[in-house]
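**Q**
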């Protein structure tokens with residue numbers, strides 16, 4: 245089993261799919277739903293002074309990291325890949341927890357608390373940076389583990405990859421981290437190009453390439469229309 249971490253093209257996959265593809269689909273679903281849980285579950289309303297969506301969102305780290313861990317096991321991940329996953333997983337869970345806590349504070353009726361700069365810092369800046377970076381590192385760990393695994397990539401897989409790309413774009417726009425998103429998506433594209441012809445490279449190119457086009461398109465379009473720099477959907481009154 246190859247453990248090379250060189251930046252060159254990937255060698256021909258040495259192992260075949262042992263349930264990897266199915267669990268990769270569950271991982272993608274966890275990312276799509278979990279990264280947009282606040283919007284997806286908003287119609288569930290409130291529970292006392294809290295929102296039901298926030299309670300459901302507590303399950304997101306378990307779903308995302310749990311399914312990713314199974315993919316790594318099925319792929320026969322190396323120690324280095326597990327270490328990368330561990331770093332990303334801790335960052336993802338930490339950032340998610342910070343976000344839920346600070347976001348709950350920003351939704352209280354007391355405007356002095358809700359609009360305070362310290363709440364904004366932890367809710368909209370620090371938590372997003374840690375949370376999004378953690379997810380990106382987890383994605384890299386999963387992709388690296390799959391680099392030498394042979395599995396089928398069909399139209400449905402590419403469609404799911406497109407949904408992940410759209411989810412990441414939504415996240416970077418509404419989370420006010422477009423520059424970070426551009427960096428992450430461009431890295432996925434470069435990695436996908438350098439790892440060809442490994443099957444996972446096709447998924448990386450779909451997620452990174454489509455995501456990069458959508459995010460760049462959003463930024464350029466709004467800059468041309470009214471000079472806005474990556475406006476958030478909530479700022480436009482869309483959500």
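In this note's numbering, the protein residues as written are 245 to 483.
Positions of the beta carbon are idealized from the N, C-alpha and C atoms, including for glycine.
1. Determine the DSSP secondary structure at residue 334, reduced to helix, strand or coil.
2. What does the Cβ neighbour count give for residue 286, buried or exposed, with the cut at 16 atoms within 10 Å?
3. Which word fits residue 445, buried or exposed, when buried means at least 16 other C-beta atoms lie within 10 angstroms of its C-beta?
4. Starting from residue 291, follow its DSSP beta bridges and name the residues at the other end.
5. Please report the straight-line C-alpha distance between residue 322 and residue 409, rounded to a whole angstrom.
6. Can you list, in chain order, the residues of its chain whose CB lies under 7 Å from that of residue 300, leaving out five sequence neighbours each side?
7. Is it buried or exposed, residue 363, if we count other Cβ atoms within 10 angstroms and call 16 or more buried?
8. Let's test the definition: count the other Cβ atoms within 10 Å of the Cβ of residue 312 and tell me whether it reaches 16, buried, or not, exposed.
9. For the segment 407-444, list the alpha helix (DSSP H) runs that are entirely contained and at least 4 residues long, ordered along the chain.
10. How do the segment 334-351 and the segment 389-397 stand: do at least 3 beta-carbon pairs fall below 8 Å, yes or no?
11. Distance, Cα to Cα, residue 414 vs residue 400?
12. Quick one: measure Cβ to Cβ for residue 366 and residue 336, integer angstroms, because I've assumed they're closer than 8 Å.
13. For residue 342, which option in 332, 316, 369 has the closest C-alpha, if you only look at C-alpha atoms?
**A** So, from the data block:
1. Taking the first residue of the chain shown as position 1, residue 334 is located at position 90. Residue 334 falls in the helix class under three-state DSSP.
2. Counting from one through the chain shown, the residue named residue 286 turns up at place 42. Looking at its Cβ environment, which holds fewer than 16 other Cβ atoms inside 10 Å, residue 286 is exposed.
3. Residue 445 sits at position 201 when you count from the first residue of the chain shown. Counting Cβ neighbours within 10 Å, residue 445 comes out buried, since at least 16 surround it.
4. Sequence index remark: in the chain shown, residue 291 carries index 47 (1-based). Answer is 294.
5. One-based indexing of the chain shown puts residue 322 at position 78. One-based indexing of the chain shown puts residue 409 at position 165. Straight-line Cα distance between these residues: approximately 27 Å.
6. For the purposes of this step, residue 300 is identified with residue 56 of the chain shown, where counting begins at 1. So the list reads 281, 285, once near-sequence residues are dropped.
7. Against the chain shown, residue 363 aligns to sequence position 119. Under this definition residue 363 is a buried residue.
8. In the chain shown, counting from the first residue as 1, residue 312 sits at position 68. Label assigned to residue 312: buried.
9. 422-438
10. no
11. For the purposes of this step, residue 414 is taken as residue 170 along the chain shown, with counting starting at 1. For the purposes of this step, residue 400 is taken as residue 156 along the chain shown, with counting starting at 1. Between residue 414 and residue 400, the C-alpha separation is close to 21 Å.
12. Numbered from its first residue, the chain shown carries residue 366 at position 122. Numbered from its first residue, the chain shown carries residue 336 at position 92. Not confirmed; about 16 Å, so no contact.
13. Taking the first residue of the chain shown as position 1, residue 342 is located at position 98. Selected option, being the one with the closest Cα: 369.
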